[in-house]
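K.L.:
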Ligand code: NAP
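Residue numbers (my numbering): -15 to 299.
Put into structure tokens, the structure is as follows:
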């Protein structure tokens, strides 16, 4: 578990603007579970954070000074120089927010990485379609709450798991047909009771017992979208899967994916997700903490379940 000893809040002088650069005042910061992986000095799909260097992360900022064509003072942009209140960045690394009539913070959540992950993980990696019975773990979280809503909008039956009665109530309010409080008993037993006919799709955010329970209840030709396994991010412990052999018998397809695999399909995502948001079928849900110095608490909160929906820091 990250501690305050791993972090330092520091004042630094920013350089004057060079050509092609913008100065940004951050309004919203994202904290995400993958950042924990970047604290390990290992090779992965994103390079590790460097000790002594500023943290990075998704952010929404307002342009306060510009030497870049196409970026004017007052523009709102999405970029990766988060975990700070002000930044100087190359404008080519920042994207102006598309005009979808949505609040800016949605572009860190339901219309950002979170939504993209949920949308393509469900519909492409797992090939989920109308009529499927879908099980999603961490269903009260950012990606999970988006998966629940998208699956319902697309005519699927949804079982969501979350920790505690309040979170389960929240997942039900998103439209889930069945909910599982994984803290109240063994997941495999609860899932068998919630899905007596079995599941066609599993959207894995947690790994461990949840993944094992999904293997145990999978129907023939089930598809698993392997999105993340937060259960092991701090422990690093390998997961024991008692039911892994069912992959063979039930012809289960497990598909890992990273949201960046789908950057080429952003237009399609904005169109469909934008329409689902406009019609009220999908809503962005957030837990908001205030002030730069709450960033670490917000980040740590992801591993204790302090968030419902997307965890954000407002500056
Ligand atoms: P999130 O779900 O909003 O926050 C994490 C949630 O995980 C917590 O609220 C907590 O909910 C649950 N959790 C924490 N520790 C747990 C444990 N030991 N067992 C069960 N549940 C636990 O975070 P997110 O940003 O949406 O990310 C969800 C997953 O998607 C993560 O695994 C992340 O790494 C992955 N992800 C993958 C991609 C990709 O491109 N593949 C992109 C984004 C995110 P409870 O209170 O219910 O325990």
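We put the CB at the ideal spot given by N, CA and C, even for glycine.
According to DSSP, is residue 137 helix, strand or coil?
P.N.:
helix
K.L.:
When every heavy atom of ligand 1 is checked, does at least one fall within less than 8 Å of the C-beta of residue 149?
P.N.:
no
K.L.:
In chain order, what residues of the same chain have a beta carbon less than 6 Å from the beta carbon of residue 174, not counting five sequence neighbours either side?
P.N.:
164
K.L.:
Is any heavy atom in ligand 1 found nearer than 8 Å to the beta carbon of residue 145?
P.N.:
yes
K.L.:
On the DSSP bridge assignment, give the partners of residue 186 in chain order.
P.N.:
119, 208
K.L.:
Does the beta-carbon of residue 120 have 16 or more other beta-carbons within 10 angstroms, so that it is buried, or is it exposed?
P.N.:
buried
K.L.:
Thinking C-alpha only, which one of 60, 90, 181, 68 is nearest residue -3?
P.N.:
68
K.L.:
Check for me: the beta strand (DSSP E) holding residue 238 runs from which residue to which?
P.N.:
237 to 240
K.L.:
Give the single residue among 263, 285, 226, 232 whose Cα lies nearest to the Cα of residue 85.
P.N.:
Comparing Cα-Cα distances from residue 85 to each of 263, 285, 226, 232, the minimum goes to 263.
K.L.:
Taking the C-alpha atoms as reference points, what is the distance between residue 118 and residue 36?
P.N.:
About 43 Å.
K.L.:
If you follow the beta strand (DSSP E) that residue 271 is in, where does it begin and where does it stop?
P.N.:
270 to 274
K.L.:
Which two residues bound the contiguous beta strand (DSSP E) that contains residue 165?
P.N.:
Taken as a continuous stretch (DSSP letters only), the beta strand (DSSP E) holding residue 165 covers 162 to 165.
K.L.:
For residue 66, verify whether its CB is less than 8 Å away from any heavy atom of ligand 1.
P.N.:
no
K.L.:
Could you tell me whether any non-hydrogen atom of ligand 1 is closer than 8 Å to the CB of residue 267?
P.N.:
no
K.L.:
State the beta-bridge partners of residue 6 as determined by DSSP.
P.N.:
50, 73
K.L.:
Report all residues from its chain with a CB closer than 6 Å to the CB of residue 55; omit the five preceding and five following residues, and keep chain order.
P.N.:
In chain order, 6, 47, 75 place their CB closer than 6 Å to the CB of residue 55, counting only its own chain and leaving out the 5 sequence neighbours on each side.
K.L.:
Does the beta carbon of residue 303 fall short of 8 Å from some heavy atom of ligand 1?
P.N.:
A query on residue 303 cannot be resolved here, the shown segment of the chain reaching from -15 to 299 and no further.
K.L.:
I'd like the list of long-range same chain contacts for residue 1, defined as Cβ closer than 7 Å, with 5 residues on each side in sequence excluded.
P.N.:
7, 49, 51, 72
K.L.:
The alpha helix (DSSP H) spanning residue 100 covers which residue range?
P.N.:
97 to 104
K.L.:
Do residue 287 and residue 32 have their C-beta atoms within less than 9 Å of each other?
P.N.:
no
K.L.:
Quick check on residue 278: does DSSP put it in helix, strand or coil?
P.N.:
Residue state for residue 278 is assigned as helix, using DSSP reduced to three classes.
K.L.:
Looking only at C-alpha atoms, which of 166, 188, 115 sits nearest to residue 141?
P.N.:
Cα-wise, what sits closest to residue 141 is 115.
K.L.:
Express the C-alpha separation of residue 229 and residue 38 in angstroms, rounding to a whole number.
P.N.:
44 Å
K.L.:
What is the rounded straight-line gap between the Cα of residue 23 and the Cα of residue 12?
P.N.:
22 Å
K.L.:
I'd like to confirm the pairing. Which residues does DSSP put opposite residue 294 in its beta bridges?
P.N.:
270
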